[in-house]
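Chains B and Z, in that order, are what the protein sequence lines are. Taken in order, the first sequence gives residues 1367 to 1700; the numbers are from the working numbering. Taken in order, the second sequence gives residues 6 to 177; the numbers are from the working numbering. Cβ atoms here follow ideal geometry from the backbone N, Cα and C, with glycine treated the same way. Here is the structure we will look at, set down as structure tokens.
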Amino acid sequence: MTSRPEDLIRAEMRQALAGRRPDRTAMLNRIAANRAAESTPRPVARRARPGTDRAAGAAGGTLAAAGHAFPAGGETLPAGEPFPAGGKAVPGGTGRTARLVGAALAVVTVLGLGGVARWALADSPDRTPAAPPPATAPANPVPSSPVRSAPIAGAPTSGAPASGAPAPGPLVSTEPVQPSAGGVPTRPSTGSATTAPVPAASPVRGHPGDTQVQKGTLWSDGSVESSGNSVVTLRPGAGLTELDLTIHVIRTPGLTSLGAQSSTGAVAVTVTEQPGTLLYRFTLKPGATLGAGEYRLTARWGGGERDAGDDTYEAYATSTDHKRLHVYGNFFPA
Amino acid sequence: MRDQAFHDFFEKHHAELSGLAYLLSGDSSAADDLAADALTEVWKHWDRVEAADDPAAYARGIVANLTRNWLRRQGRARSGLRLLGLGRERQRSPDVSAVLDVRSALKRLPYRRRTCVVLRYAFDLSEKEVAEILGISVGAVKSQTSRGAKQLADLLQDSRLPDQLDGWGVAR
């Protein structure tokens, strides 16, 4: 009778021990990590769920084993070198350290993948931009000042040649659409102060496969006339209080701008000659409104071979019911 | 040479040391870490361990000390959490014992008592060996062990209905 309690607790404790196997590999790795650290044993983290923690410990053990060339799964260690001596400090074989390292790796991986994704998107051929190009930013649809933009006369001009050779700078010239009499283009007196946005570096929308020719009440189309015009036709179903249309004409050798024209006088135009692109920008004058109807906005060019395959247009508009409209397309036949 | 000897020591004792830490701490994964830390100490002081009469007893003593320190840290962490209102204190009244396994029953024993009971009965060490491991007198081991064994048996038996006692008998 006196031995009853002892028998009971002996059996119970033995049973508890028998139902458990120590993680030999984790222990070896922790010893190796302790020795590598050459410090007092690290704090033992409390791990609430032994099942998953066992796996974490094993993973951490594998890390440490890799760092030490330490046999993780083997039954016996090599006789001559049971533990690698010294060596660099290993992040640790414990689950806690493994979790820290794992979290750091996860963060690095996510950031890295994000960077790769951004790079891949930026490099993809259809160049879908994350944000609209600054030249046509909707926040500032009418940035032109009277100095560097001129109203378009309703009548077409006679195709007087614009200023000749392209200048090296990104912003070559801004010219009035209607040259002065005699065909000599008049440069603005303050031409050096022109500060039109430079959209060349930003992706351009409207390439084949990346078009949105209609948005809300605004319909658009681009076409090339054999006479040397790239025409964008806009058909707003409701009035427009703001409009900012940019036509991108990709330059070929010798190609120069011959100006631009509009079927409405409410639009101001600037032409920017960039090294690779002619930019024709049509902006609705402040306070003006375009009623519902059809408008033709024409970019005129000449002097070189033409391939309109890469030409695009993009327009931001605000309708009279305060809807923001964004259309973009190209000059392939619809 | 030293590594080889230590490795033999590891293979011979690591399971036992981990089991000791397991019963003392009640935490399976922490037990492996505690035993590994103790074995690291053994390796650091290998000369002393080898010179000792019983190297295994030396290691057991380290495990017992490390586990006690670990439990203290855990207790501090828990009370800190309670202060912050984060830790959820389990509702348990001493009268209504839930199903109590030996680990949670051991946790209710004072640490010294618990250590004596575990070393004495789970590992079948003599009172003299336990006294050497813990650095206390044999008399203290005797009293601690008997009190601890009784307390533990009560805890375990209280948690069982009589018909679940199997061969252990109801009477004490």
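Open item on the list: Measuring straight from C-alpha to C-alpha, what distance separates B:Arg-1647 and B:Ala-1472?
Closed with: 46 Å
- [ ] Assign Z:Arg-83 to one of three DSSP states: helix, strand, or coil.
- [x] helix
Open item on the list: Taking CB distances under 7 Å as the criterion, tell me whether B:Glu-1608 reaches chain Z.
Closed with: Contact with chain Z is absent for B:Glu-1608, since none of that chain's Cβ atoms lies less than 7 Å from the residue's Cβ.
Task: Where B:Lys-1689 falls: helix, strand or coil (DSSP) - done: coil
Open item on the list: Measuring alpha carbon to alpha carbon, tell me which residue in B:Gly-1631, B:Val-1637, B:Val-1633 is nearest B:Thr-1622.
Closed with: Sorting B:Gly-1631, B:Val-1637, B:Val-1633 by C-alpha distance to the C-alpha of B:Thr-1622 places B:Val-1637 at the top.
- [ ] Check the Cβ of B:Leu-1471 against every Cβ in chain Z and list those closer than 9 Å, keeping chain order.
- [x] The premise fails here: B:Leu-1471 is roughly 21 Å from chain Z at the closest Cβ pair, so nothing lies under 9 Å.
Task: Chain-order list of residues whose beta-carbon lies under 7 Å from that of B:Asp-1673 (same chain, five-residue window excluded) - done: Thr-1618
Open item on the list: If you reduce the DSSP assignment to three classes, tell me which class B:Gly-1453 lands in.
Closed with: Interpretation of B:Gly-1453 is limited by its pLDDT of 38, a score under 50 that renders its predicted location unreliable; the figure taken from the coordinates is listed afterwards. Three-state DSSP puts B:Gly-1453 in coil, outside helix and strand.
Open item on the list: For B:Phe-1436, would you say it is in contact with chain Z, using Cβ-to-Cβ distances shorter than 7 Å as the test?
Closed with: Low local confidence applies: a pLDDT of 40 at B:Phe-1436 is under 50, so the model's placement there is unreliable, with the coordinate-based value given in what follows. Residue contact with chain Z for B:Phe-1436: absent (no Cβ-Cβ distance below 7 Å to any residue of chain Z).
Task: B:Glu-1591 burial status per 10 Å Cβ neighbour count (16 or more: buried) - done: That one is exposed.
Task: Bounding residues of the beta strand (DSSP E) (the contiguous stretch that carries Z:Tyr-126) - done: That residue, Z:Tyr-126, is in no beta strand (DSSP E); it is neither H nor E in DSSP.
- [ ] Any chance you could list the alpha helix (DSSP H) runs of at least 4 consecutive residues sitting entirely within the region 20-63 of chain Z, in chain order?
- [x] 33-49, 51-56
Task: Below-7 Å beta-carbon distance, Z:Gly-24 vs any chain B residue - done: yes
TODO: Run down chain Z in chain order and give the residues with a C-beta less than 7 Å from the C-beta of B:Arg-1465.
DONE: Neighbours of B:Arg-1465 on chain Z: none; closest Cβ ~12 Å, over 7 Å.
Open item on the list: Quick check on Z:Ala-154 - is its C-beta less than 7 Å from some C-beta in chain B?
Closed with: Taking Cβ atoms only, chain B reaches closer than 7 Å to Z:Ala-154, which makes this a yes.
TODO: List the residues of chain B that Z:Trp-51 touches, going by C-beta distances under 7 Å, in chain order.
DONE: Ordered by position in chain B, no residue passes the 7 Å Cβ test against Z:Trp-51, which lies about 12 Å from the chain.
TODO: Put Z:Asp-159 into one of helix, strand or coil per three-state DSSP.
DONE: In this structure, Z:Asp-159 counts as helix in the three-state DSSP scheme.
Open item on the list: Closest to B:Ala-1665 by C-alpha separation, out of B:Ala-1398, B:Ala-1483, B:Ser-1593, B:Ala-1402, would be which residue?
Closed with: B:Ser-1593
Task: C-beta neighbour in chain B for Z:Ala-61, strict 7 Å - done: no
Task: Proximity of Z:Glu-134 and Z:Val-143 at Cβ, strictly below 7 Å - done: no
Task: Reference Z:Trp-51; option with closest CA among Z:Ser-33, Z:Ala-10, Z:Ala-26 - done: Z:Ala-10
TODO: For Z:Trp-75, write down the residues that DSSP places opposite it in a beta bridge.
DONE: In the DSSP output, where bridge partners are listed per residue, Z:Trp-75 has none listed.
TODO: Look up B:Trp-1485 in the DSSP assignment and give the residues it is bridged to.
DONE: Here B:Trp-1485 is not bridged, per DSSP, to any residue.
Task: Interfacial residues, the region 1565-1586 of chain B to chain Z, with Cβ spacing under 9 Å - done: none
Task: Residues within the region 1369-1383 of chain B neighbouring chain Z, beta-carbon criterion of under 9 Å - done: Arg-1370, Pro-1371, Glu-1372, Asp-1373, Leu-1374, Ile-1375, Arg-1376, Ala-1377, Glu-1378, Met-1379, Arg-1380, Gln-1381, Ala-1382, Leu-1383
Task: Residues that B:Asp-1389 contacts on chain Z, provided the C-beta gap is smaller than 7 Å - done: Asp-37
Task: Residue nearest to Z:Gly-153 in terms of C-alpha spacing, selected from Z:Phe-15, Z:Leu-25, Z:Arg-113 - done: Z:Arg-113
- [ ] Determine the closest residue to B:Leu-1663 out of B:Gly-1631, B:Gln-1640, B:Thr-1583, with distance taken between C-alpha atoms.
- [x] B:Gly-1631
Open item on the list: Just list the residues that DSSP pairs B:Glu-1639 with in beta bridges.
Closed with: B:Leu-1644
- [ ] Decide if Z:Gln-162 is buried, meaning its Cβ has at least 16 other Cβ atoms within 10 Å, or exposed.
- [x] In the assembly as shown, Z:Gln-162 is a buried residue. Its beta-carbon has 16 or more other beta-carbons within 10 Å.
Task: Integer-rounded CB distance, given that B:Asn-1395 should sit under 8 Å from Z:Thr-45 - done: That pair is no contact at about 11 Å.
Open item on the list: So, under 8 Å CB-CB, Z:Gly-31 and Z:Leu-160 are touching, yes? Tell me the CB distance rounded to an integer number of Å.
Closed with: Not confirmed; about 13 Å, so no contact.
Open item on the list: For B:Thr-1481 and B:Pro-1574, I'd like the C-alpha separation in whole angstroms.
Closed with: Position check: residue 1481 of chain B holds Gly in this sequence, whereas Thr was assumed. Answer to the nearest angstrom: the Cα atoms are 27 Å apart.
Task: For Z:His-12, three-class secondary structure by DSSP - done: helix
- [ ] Locate the alpha helix (DSSP H) running through B:Ile-1613, then write down its first and last residues.
- [x] Counting along the chain, B:Ile-1613 falls outside any alpha helix (DSSP H), though it belongs to the beta strand (DSSP E) covering 1606-1616.
Task: Interface flag, B:Gly-1452 vs chain Z, CB-CB below 7 Å - done: With a pLDDT of 40 at B:Gly-1452, under the threshold of 50, the predicted position of this residue should be treated as unreliable, and no value is reported.
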